[in-house]
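Adding 30 to a residue's 1-based position in the sequence shown gives its number in this note's numbering.
Glycine included, every Cβ here is placed at the ideal spot set by N, Cα and C.
Given the structure is predicted, the values throughout are model-derived calculations rather than measurements.
Quick notes on the structure that follows.
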Amino acid sequence: MADFKILAKDSSFRNNILKALSDEYSRTILNFTIAEPKSVVDIVKECNVPMTTAYRRVNELKENKLLKVTGSIITDDGKKYFLYKSRLKAIYVVFGLESLDVQIVDNDDMGTSAYW
31 MADFKILAKD SSFRNNILKA LSDEYSRTIL NFTIAEPKSV VDIVKECNVP MTTAYRRVNE
91 LKENKLLKVT GSIITDDGKK YFLYKSRLKA IYVVFGLESL DVQIVDNDDM GTSAYW
């Protein structure tokens, strides 16, 4: 069963979540990385996100603690790519009369990493 966490109204993490949800590319990246880690190259190819936008959004999401680096891969030609996974499995936003509540469910099946 999922453990819901209600975020404080003055929480910067809450504000970062709302900002990410308001951006189509950020929503796409978060959704695409829930189930398994993906590289920025995977995001570009499979989600049709422009390369510079993908790198910019991934960096923002990582800085705002919405994505985690879970590992890296090295291609045959020696290029190294980090793999990113969403820290959140679900986000619930409840908007009502004079209220805006944000509830989250952590992505618990992330395992452990030396990067976080």
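| Check | Outcome |
| --- | --- |
| Same chain only: Cβ atoms within 6 Å of S69, ignoring 5 sequence neighbours per side | Y111, L113 |
| Residue from D106, T58, K109 with nearest C-alpha to T83 | T58 |
| Straight-line Cα distance separating E128 from T100 | 39 Å |
| Counted within 10 angstroms of its Cβ, other Cβ atoms place V79 as buried (16 or more) or exposed | buried |
| Whole-angstrom C-beta distance between V135 and F62, which should lie under 8 Å | Contact doesn't hold; Cβ gap of about 17 Å is too wide. |
| With 16 other Cβ atoms within 10 Å as the buried cut-off, status of L91 | buried |
| Beta-carbon proximity list for N137, same chain, < 8 Å, skipping 5 on both sides | I64, K115, S116, R117, L118, K119 |
| For E54 and F125, the rounded distance between their alpha carbons | 20 Å |
| Residues bridged to I36 (per DSSP) | Q133 |
| Segments of 4+ residues assigned as alpha helix (DSSP H) that fall wholly inside the stretch 40 to 103 | 42 to 51, 54 to 62, 70 to 77, 81 to 93 |
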